[in-house]
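A short worksheet on the structure shown next.
Number of protein chains: 2
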Amino acid sequence: MAPTAALAGRERVDKERSAARTKEAILDAALRLFAERGYEATSLQDVGALAGVSRGTPGYFFGSKEELYRAVLERGLERVRAAVRSGKERALASQEPPEVVLEGVVGEYFDFIVENPDFVRLVEWEALSGGRQIGTLPPHLEAAQEALGAIITELALEPGREAEARQLLLSLIGLCWFPVVHGPTVLRALGVDLSDPAFRAERRRHVIKLVLQGVRAELGGSSSSPLSMDSQHDRRDA
Amino acid sequence: MAPTAALAGRERVDKERSAARTKEAILDAALRLFAERGYEATSLQDVGALAGVSRGTPGYFFGSKEELYRAVLERGLERVRAAVRSGKERALASQEPPEVVLEGVVGEYFDFIVENPDFVRLVEWEALSGGRQIGTLPPHLEAAQEALGAIITELALEPGREAEARQLLLSLIGLCWFPVVHGPTVLRALGVDLSDPAFRAERRRHVIKLVLQGVRAELGGSSSSPLSMDSQHDRRDA
DNA sequence: TGTAGCTTGCTGGTTAGCAAGCAAGGACTA
DNA sequence: TAGTCCTTGCTTGCTAACCAGCAAGCTACA
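Sequences listed follow chains A and B, in order.
Numbered according to this note's numbering, the first sequence spans residues 1 to 238.
Numbered according to this note's numbering, the second sequence spans residues 1 to 238.
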């Protein structure tokens, strides 16, 4: 694929012809547009224009619009997987007690999500479209599973309580993603705005608080809720 | 689609010409398709076919595709507003202590959301598209504001703590909506499925637990968290 | 001179919206 | 009671725009 396979010289990084550089530019442009408008509403013409190439170039390098989309998704998921892995390793290596470690991890995750809205929006579009592409991508499963495993290890949960860890992880993700996606709808209806630093900090504290309360309930009680909840009378259990 | 081939005596009310009936059928079809595929990927031809009319009829009644979409959104929001209002009134009229009332309300909300995925998905599409249509619809604000007001009243919060109620409401919505939208992505990556009754019930209990813990923290402490949290050292506060 | 990188012309397919037309069934008239 | 309008409901033909993908061609560089 690369023309510079075994050739010497050519160390100029400037503006020479470079397929790799062009491909990256196309992936960047496509990520921004797919995240912003979704797959259907993004044309290869738009992608080319934003990447500074002609309308035909995205198709030339990626074969088809769908394959370009898959490449964008794959690169995004790979980045997330790397971030999750590094966060996990830092957390597991820490000497602090689980609660303190988790507080740091939750805050970091919140920051990561809020600072990478393109990724969240991309996955959200994908979810609404049925997850037909993301489902076949390998890094997809790994990030989530890895996070789940880390939580179980950190909390030293017995195997049986794994379901609780899964619920907690799900809640953490939902709590962090929600305001990123729903700025124009729910947040607006409530008169708040995630780009307001005060609200963002308030939200951050709130998410940490909720998740840590949930974790505490897990660590404290063994099987029943430690706070004397009698949530036994819920209907519709099948 | 010729007019009724029924020969004699068409006094029957079921198949007479009825603009109202046709419009409802078109709105129903459009809701399903917009919720499932999104605005861009839905053609008026599809809507007409699902509604049992020709490809021109949706345009005939609603003027344009965009106006049809607005009508679908508006009807959906109106229904939600009605549901929120009835839930609110039942809750405020109840004699139970706030915690019990809230537990019922949260469970009811969870059930409502899980049973009305079309509405959730419609709003989600709308959020991703920038909320350009929903932002101009009146019932949009009312449902959320009404819910917020009810929470404040029920908890008898001092005016200053209103921000906490907003955070709690946001979290409740996010916790309930998330699994409805992210079945194909996050839930799948974690190996669970909202259509599994066991998981659904487990999720329901978990959401109730988390939200009630959050409420309890509000009711208990006056300014600082009552559970001896020291979440004072979070960074990036702007 | 060859080839990778990139552009441009073309084609078939799809769509929203418009305009013209057709049918059904009251309302009005004789 | 029969005949005629005329409005409402709905369909179908047409058009201009857009788009993805293909193929042919151009260009810089080794």
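C-beta: ideal position from N, C-alpha, C; glycine also.
Counting C-beta atoms within 10 angstroms of its own C-beta, residue 55/B has fewer than 16 neighbours from the protein chains shown and is therefore classed as exposed.
Annotated as proximal: residue 25/B and residue 53/B, with beta-carbon spacing under 9 angstroms.
In this structure, DSSP gives residue 70/B a helical state, which the three-state scheme calls helix. Using a Cβ-Cβ cut-off of 9 angstroms, residue 210/A counts as an interface residue toward chain B, since at least one Cβ of chain B sits closer than that to its own. Residue 76/B counts as buried, since no fewer than 16 other beta carbons sit within 10 angstroms of its beta carbon. In the same chain as residue 107/A, and ignoring 5 residues on each side of it, the C-beta atoms closer than 7 angstroms to its own belong to 204, 208, in chain order. If you draw a straight line from the Cα of residue 162/A to the Cα of residue 149/A, it comes to about 9 angstroms. The alpha-carbon of residue 134/A is positioned some 8 angstroms away from that of residue 70/A. Any Cβ of chain A closer than 9 angstroms to the Cβ of residue 43/B would place that residue at the interface, and such an atom is absent. Listed along chain B are 202, each with a C-beta nearer than 8 angstroms to that of residue 163/A. When secondary structure is reduced to three states using DSSP, residue 53/A falls in the coil class, being assigned neither helix nor strand. Leaving aside the five residues that flank residue 177/B on each side, the residues in its chain whose CB is nearer than 7 angstroms to its CB run, in chain order, 113, 120.
By the CB criterion at 9 angstroms, residue 170/B and residue 190/A fall inside the cutoff.
Within chain A, the residues placing a beta-carbon under 9 angstroms from that of residue 214/B are 206, 209, 210, 213, ordered along the chain. Of the residues assessed, residue 166/B falls on the buried side of the cut-off, its CB having 16 or more other CB atoms within 10 angstroms. Assigned with DSSP and collapsed to three states, residue 190/B falls in coil, not helix or strand. Counting only runs of 4+ residues, the alpha helix (DSSP H) found wholly inside the segment 64-123 of chain A occupies 65-93, 98-115, in chain order. No Cβ of chain B is located within less than 9 angstroms of the beta carbon of residue 113/A. Going by C-alpha positions, residue 33/B is about 8 angstroms away from residue 46/B. Between the C-alpha atoms of residue 40/B and residue 59/A there is a straight-line separation of about 22 angstroms. Contact of residue 167/A with chain B by beta-carbon distance below 8 angstroms involves 202, 203, 206. Under the DSSP assignment, residue 133/B falls outside any alpha helix (DSSP H); it carries neither an H nor an E label.
175/B is the residue among 23/B, 175/B, 43/B whose C-alpha sits nearest the C-alpha of residue 212/B.
At a cut-off of 9 angstroms between beta-carbon atoms, residue 145/A makes contact with chain B. Pairing residue 219/A with residue 132/B, the inter-Cα distance amounts to about 44 angstroms.
Under a criterion of Cβ atoms nearer than 9 angstroms, no residue of chain A is adjacent to residue 18/B; the nearest Cβ is some 34 angstroms distant. Secondary structure note for residue 197/B: its alpha helix (DSSP H) is the uninterrupted segment 197-220.
Secondary structure note for residue 129/B: it is in no alpha helix (DSSP H), with a DSSP letter that is neither H nor E. Residue 78/A and residue 117/A do not touch by the CB rule: their CB atoms are close to 18 angstroms apart, not below 8 angstroms. Contact with chain B is absent for residue 68/A, since none of that chain's Cβ atoms lies less than 9 angstroms from the residue's Cβ. Shortest Cα-Cα distance from residue 62/A to any of 183/A, 82/A, 22/A, 156/A involves 22/A. No residue range can be given for residue 43/A, since it is assigned to no alpha helix (DSSP H) and is classified by DSSP as neither H nor E. The three-state reading of DSSP puts residue 182/A in coil, since its state is none of H, G, I, E or B. By the neighbour-count definition (other C-beta atoms within 10 Å, threshold 16), residue 210/B is a buried residue.
Taking a contact as a CB-CB distance under 8 angstroms, the pair residue 157/A and residue 98/A does not count as one, their CB atoms being some 10 angstroms apart. For residue 189/A, the chain B residues whose Cβ falls inside 8 angstroms of its Cβ are 140, 141, 143, 144, 145, in order along the chain.
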